[in-house]
Amino acid sequence: MSTLYQSFPLGLDARLLIALRIQKAALIPLVPDRLIKAGFDPMESLPASSPVRKQGFEPDARAAWRMMARHPDLFAATDTPQKQQSAIRTLSRFRDRWAHQQLLTEDETRRFLLTGAELLETLAQAEEAFALRALAHPPVDRLGELQAILSQLPLSEAPDFESLALHLDMEAGDSSDATKLRALLVWSAASDLIAARPPNALNVIQGGKRAIYLGWSITLDHTASWTY
414 MSTLYQSFPL
424 GLDARLLIAL
434 RIQKAALIPL
444 VPDRLIKAGF
454 DPMESLPASS
464 PVRKQGFEPD
474 ARAAWRMMAR
484 HPDLFAATDT
494 PQKQQSAIRT
504 LSRFRDRWAH
514 QQLLTEDETR
524 RFLLTGAELL
534 ETLAQAEEAF
544 ALRALAHPPV
554 DRLGELQAIL
564 SQLPLSEAPD
574 FESLALHLDM
584 EAGDSSDATK
594 LRALLVWSAA
604 SDLIAARPPN
614 ALNVIQGGKR
624 AIYLGWSITL
634 DHTASWTY
């Protein structure tokens with residue numbers, strides 16, 4: 414198969430926007446639910462000036478980080494609290510700069526994505542962490558082919574992971590190829606989301622199940638489930 418990597422299909426702002434959406438899917442409702450089970454009011458974990466608390470906005474990744482920072486013992490294993498708090502500070506700093514229209518560099522954007530992945534991995538949110546890691550690196554140079562294949566299939570037909578691999582000169586049974594194809598599916602869903610198109614990659618199946626979790630591309634959180 415081709416081992417060439419293309420340039421990033423999406424710009425920095427688009428990747429940051431997608432990253433925040435992925436983190437929201439992973440952290441909401443996981444974080445507020447854990448606070449409630451421990452007897453805490455999630456809203457009281459936010460500063461009074463928070464738009465979520467003050468104006469009733471929907472909780473987002475930033476709100477989840479603040480809740481975690483207020484109650485670190487509820488979310489970290491004995492060896493991870495400092496790692497989590499450091500990650501939250503880094504994510505908050507970059508997010509706030511971006512929100513105030515201060516452009517991040519390519520290296521800073523990559524760090525934001527990888528730091529987010531590390532945070533989610535401490536919470537066993539491996540699927541969303543994989544998506545963030547995928548967006549931190551350019552995909553192999555087959556995204557256009559994948560998009561073309563997926564767009565030509567009827568909406569009622571669920572694409573098969575193994576068949577897609579063959580079309581792209583990959584081997585689904587090879588762990589390296591399988592990882593690259595899953596990363597391509599993340600990029601496909603992200604590209605469709607930014608372009609306001611239905612994410613065709615969402616329906617790819619492997620062994621009768623979805624090949625990769627992409628619920629964030631249709632505003633589903635980590636706990637949501639759906640069938641064909």
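Okay, so the sequence shown: first residue is 414 according to our numbering, each after it adds one. For glycine and all other residues, C-beta sits at the position ideal for the given N, C-alpha and C. Keep in mind the model is a prediction, meaning the values are calculated, not measured.
Coil, strand or helix - residue i by DSSP
i	result
Val-553	strand
Asp-520	helix
Ile-631	helix
Glu-540	helix
Phe-507	helix
Phe-525	helix
Ile-431	helix
Ser-588	helix
Ser-462	coil
Ile-562	helix
Gln-514	coil
His-580	helix
Glu-534	helix
Ser-420	coil
Ala-482	helix
Residue i and residue j closer than 9 Å at C-beta
i	j	result
Ala-585	Ala-578	yes
Leu-516	Leu-430	no
Pro-612	Ser-588	no
Thr-522	Lys-496	no
Leu-650	Arg-447	Outside the shown range of the chain (414 to 641) lies residue 650, about which nothing can therefore be said.
Ala-474	Leu-526	no
Ile-435	Ala-476	no
Sheet register partners of residue i (DSSP bridge)
i	result
Gln-619	Lys-622
Ala-573	Per the sequence shown, the amino acid found at residue 573 is Asp instead of Ala. In DSSP, Asp-573 forms a bridge with Ile-618.
Counted within 10 angstroms of its Cβ, other Cβ atoms place residue i as buried (16 or more) or exposed
i	result
Ile-528	The question names Ile, but residue 528 in the sequence shown is Thr. Label assigned to Thr-528: buried.
Glu-531	buried
Arg-555	buried
Arg-428	buried
Lys-437	buried
Lys-593	buried
Gly-628	buried
Closer than 8 Å: residue i CB and nearest the ligand ADP heavy atom
i	result
Arg-623	Here there are no bound small molecules, and the ligand ADP is not part of this structure.
query: Is the segment 566 to 574 in contact with the segment 616 to 635, if contact means three or more CB pairs nearer than 8 Å?
result: yes
task: Flag this pair as touching only if the segment 558 to 565 and the segment 456 to 476 have three or more C-beta atom pairs under 8 Å; answer yes or no.
output: no
field: Segment contact flag, the segment 539 to 559 with the segment 597 to 607, C-beta cutoff 8 Å, min 3 pairs
entry: yes
- prompt: Would you call the segment 435 to 454 and the segment 489 to 498 in contact, with 3 or more CB pairs under 8 Å?
  reply: no
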